[in-house]
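Visitor: Okay, handing you the structure first.
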Amino acid sequence: MIVDRLRECANDVDTIGSNSSEYGHPLDRTVGAAARVHRSVIDRQRISLSCLPRIRESAVGSRRPRASNVQRIGNSRTRDTAGAVMNVTFHGVRGSTPCHGSEILEYGGNTSCVSIDVPDADPIIFDLGTGLRYFGRTLSADDPFRGSCLLTHLHWDHIQGLPFFAPLLADGAHVTVYAPAQDSGCSVEQVFAETIKPPLFPVDLAVLPGTIEFHDLRNADFLIDGGPAGDISVMSRSIPHVGHTLGYRVEWNGVSVAYLSDHQMPSDGSFGATDGALELCSDVDLLIHDSQYTDGEFAVKSDWGHCTMDFAVWMAAEAGARQLALFHHDPSHHDDQLDELVAAAATSGAAIGVSVFGAREGLTIALSG
Ligand SMILES: [Zn+2]
Ligand SMILES: [Zn+2]
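Reading the sequence shown from the start, the letters are residues 12 to 380 in my numbering.
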């Protein structure tokens with residue numbers, strides 16, 4: 012019964028806003044006994060190997076997110092599957108905390124969540140912020156959900172959507188979560204189990220009907236089996252933030268997308284990046300990058316784990332990225348301000364060969380091989 016009510020909550024977008032008040036649903040703290048969560052954890056040392064074993068996930072058909080706004084980006088590379096498209100859709104683009112209001116309608120107020128959709132493959136999700144709940148509403152309920160999540164780190168704004176992801180609240184659902192190994196020695200599974208439980212949350216993580224499989228990662232290169240779509244390559248690299256944080260690069264059919272949602276630039280305001288960060292972004296077709304602060308904001312928050320829009324543009328140019336999506340917008344930045352900041356960044360990007368746009372909820376970027 013509790014899970015039924017949680018499922019209703021996850022699906023009710025008319026009565027529940029995009030801010031954290033959605034946690035106010037009337038679930039009590041009684042926990043059912045029929046936990047069906049099974050989690051297999053690969054320990055840190057095994058995952059730290061430079062090449063992971065092939066990871067197989069059975070495909071249950073393509074579940075394409077609704078594309079409310081699609082930009083199509085081609086490249087000159089030739090592949091046997093020329094013309095096949097990787098869709099990258101933004102479901103949450105806000106940093107730090109969910110927010111709402113008429114002044115942010117254009118970009119949206121949900122926190123980090125981006126999906127990658129390859130034809131006939133299970134979806135891959137960057138981060139589990141509150142945007143995840145809305146991604147769940149785009150998926151078919153006909154088949155149990157199967158997919159993977161590449162989680163950058165465990166700050167609230169990157170995990171709060173998980174228990175509100177309705178497709179996971181069904182028998183037979185399965186999500187594989189790759190996440191940064193914790194310096195404390197706790198497994199990611201333990202951290203989630205200690206976070207999603209009373210009194211922080213009405214029920215235990217184990218009550219959710221679907222299966223969550225956690226893998227603790229550091230620097231790694233591995234493949235996700237895309238079924239008929241073939242292998243999807245994933246690279247994870249540690250990047251500077253606050254606490255162990257990963258950036259990711261995903262490649263398939265000759266196209267690539269890199270995701271560095273939270274990235275600390277040098278605190279003295281200079282421009283520079285680690286080898287791992289540059290490796291993730293090198294010659295990538297689409298770079299989704301932290302751009303939380305203006306120069307003035309960074310001056311007083313220089314060690315808060317983020318960077319400026321100018322740094323994001325520099326990073327894209329330095330690495331040879333073709334397109335830059337400014338991401339992880341500061342909660343205080345309203346639509347009009349973001350329009351101005353994005354326009355300025357686009358101008359400076361154009362001068363050095365990078366196409367720049369501001370990520371916003373509902374936007375889909377189609378990358379073709
Ligand atoms: Zn964040
Ligand atoms: Zn963070």
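Cβ coordinates follow ideal geometry from the N, Cα and C atoms, glycine included.
As the structure is a prediction and not an experimental result, all values here were calculated from the model.
In whole angstroms, what separates the C-alpha of A328 from that of C124?
Guide: Position 317 of the sequence shown, counted from the first residue, corresponds to residue 328. Position 113 of the sequence shown, counted from the first residue, corresponds to residue 124. Answer to the nearest angstrom: the Cα atoms are 24 angstroms apart.
Visitor: Who are the near neighbours of L116 in its chain, counting only those whose CB is closer than 8 angstroms to its CB and skipping five residues on each side?
Guide: Translated into positions along the sequence shown, residue 116 becomes position 105. Around L116: D346.
Visitor: Is V353 buried or exposed, if buried means 16 or more other CB atoms sit within 10 Å of its CB?
Guide: In the sequence shown, counting from the first residue as 1, residue 353 sits at position 342. Counting Cβ neighbours within 10 Å, V353 comes out buried, since at least 16 surround it.
Visitor: Could you tell me the alpha carbon to alpha carbon distance between D25 and F282, rounded to whole angstroms?
Guide: Taking the first residue of the sequence shown as position 1, residue 25 is located at position 14. Taking the first residue of the sequence shown as position 1, residue 282 is located at position 271. Only weak support is given to the placement of D25: the predicted model assigns it a pLDDT of 39, under 50, and the question is left unresolved by the model.
Visitor: Considering only the alpha carbon of each residue, which of N230, I250, A152 lies closest to H317?
Guide: In the sequence shown, counting from the first residue as 1, residue 317 sits at position 306. Taking only the C-alpha atoms, the option nearest H317 is I250.
Visitor: Within the same chain, show all residues whose beta-carbon is closer than 7 angstroms to that of L228, passing over the 5 residues directly before and after it, in chain order.
Guide: Indexing the sequence shown from 1 puts residue 228 at position 217. Within the same chain, L228 has close Cβ partners I58, Y189, A190, P191, A192, S247, L257.
Visitor: State the start and end residues of the unbroken alpha helix (DSSP H) segment that holds A359.
Guide: The count along the sequence shown starts at 1 and reaches residue 359 at position 348. The question names Ala, yet the displayed sequence has Ser at residue 359. S359: member of the alpha helix (DSSP H) spanning 346-362, first to last residue.
Visitor: Residue range of the beta strand (DSSP E) that E205 falls in?
Guide: Along the sequence shown, read from residue 1 onward, the residue named residue 205 stands at position 194. From DSSP, E205 is part of no beta strand (DSSP E) but of the alpha helix (DSSP H) over 199-206.
Visitor: Could you give the uninterrupted runs of the beta strand (DSSP E) lying entirely in the region 208-280, keeping only those of 3 residues or more?
Guide: Counting only runs of 3+ residues, the beta strand (DSSP E) found wholly inside the region 208-280 occupies 222-228, 231-236, 242-250, 256-263, 266-271, in chain order.
Visitor: State buried or exposed for G183, treating a residue as buried only when at least 16 other CB atoms are found within 10 Å of its CB.
Guide: Residue 183 sits at position 172 when you count from the first residue of the sequence shown. The residue is exposed, with fewer than 16 neighbouring Cβ atoms inside 10 Å.
Visitor: How close, in whole Å, do the beta carbons of G380 and V266 come, if the pair is a contact with beta carbons under 8 angstroms?
Guide: Locating residue 380 in the sequence shown gives position 369, where the first residue counts as 1. Locating residue 266 in the sequence shown gives position 255, where the first residue counts as 1. Confirmed, Cβ separation roughly 5 angstroms.
Visitor: Beta-carbon within less than 6 angstroms of R40's beta-carbon, same chain only, minus the 5 sequence neighbours each way: which residues are those?
Guide: Counting from 1 along the sequence shown, the entry for residue 40 is found at position 29. Bear in mind that the predicted position of R40 carries a pLDDT of just 25, short of 50, making it unreliable; the figure below should be weighed with that in mind. Same-chain partners within the cutoff: P209, P213.
Visitor: Looking at L337 and M320, is the spacing between their C-beta atoms short of 9 angstroms?
Guide: For this step, residue 320 is matched to residue 309 along the sequence shown. For this step, residue 337 is matched to residue 326 along the sequence shown. Contact flag set, yes.
Visitor: Roughly how many angstroms separate the alpha carbons of M97 and H300, rounded to a whole number?
Guide: Counting from 1 along the sequence shown, the entry for residue 97 is found at position 86. Counting from 1 along the sequence shown, the entry for residue 300 is found at position 289. Between M97 and H300, the C-alpha separation is close to 18 angstroms.
Visitor: Can you pull every residue whose C-beta falls closer than 5 angstroms to some heavy atom of ligand 2, listed in chain order?
Guide: H166, D273
Visitor: Pick out whichever of D154, G120, C160 has its Cα sitting closest to the Cα of L139.
Guide: Start at 1 with the first residue of the sequence shown, and residue 139 comes out as number 128. Of the listed residues, the one whose Cα sits closest to L139 is C160.
Visitor: How would you write the range of the alpha helix (DSSP H) that C160 sits in, first residue to last?
Guide: Counted from its first residue, the sequence shown places residue 160 at position 149. Unbroken run through C160 is the beta strand (DSSP E), 157-161; no alpha helix (DSSP H).
Visitor: Is it buried or exposed, T141, if we count other Cβ atoms within 10 angstroms and call 16 or more buried?
Guide: Taking the first residue of the sequence shown as position 1, residue 141 is located at position 130. When all chains shown are included, T141 counts as buried.
Visitor: Under 9 angstroms between the Cβ atoms of G221 and L165?
Guide: Within the sequence shown, the letter at position 210 stands for residue 221. Within the sequence shown, the letter at position 154 stands for residue 165. No.
Visitor: Would I376 and T100 qualify as a contact pair, given that the criterion is a beta-carbon distance under 9 angstroms?
Guide: Translated into positions along the sequence shown, residue 376 becomes position 365. Translated into positions along the sequence shown, residue 100 becomes position 89. In contact: I376 and T100 (Cβ atoms closer than 9 angstroms).
Visitor: Give the straight-line distance between the Cα atoms of F309 and W315, rounded to the nearest whole angstrom.
Guide: On the sequence shown, residue 309 is found 298 positions in, with the first residue counted as 1. On the sequence shown, residue 315 is found 304 positions in, with the first residue counted as 1. Rounded to whole angstroms, the separation of the alpha carbons of W315 and F309 is 9 angstroms.
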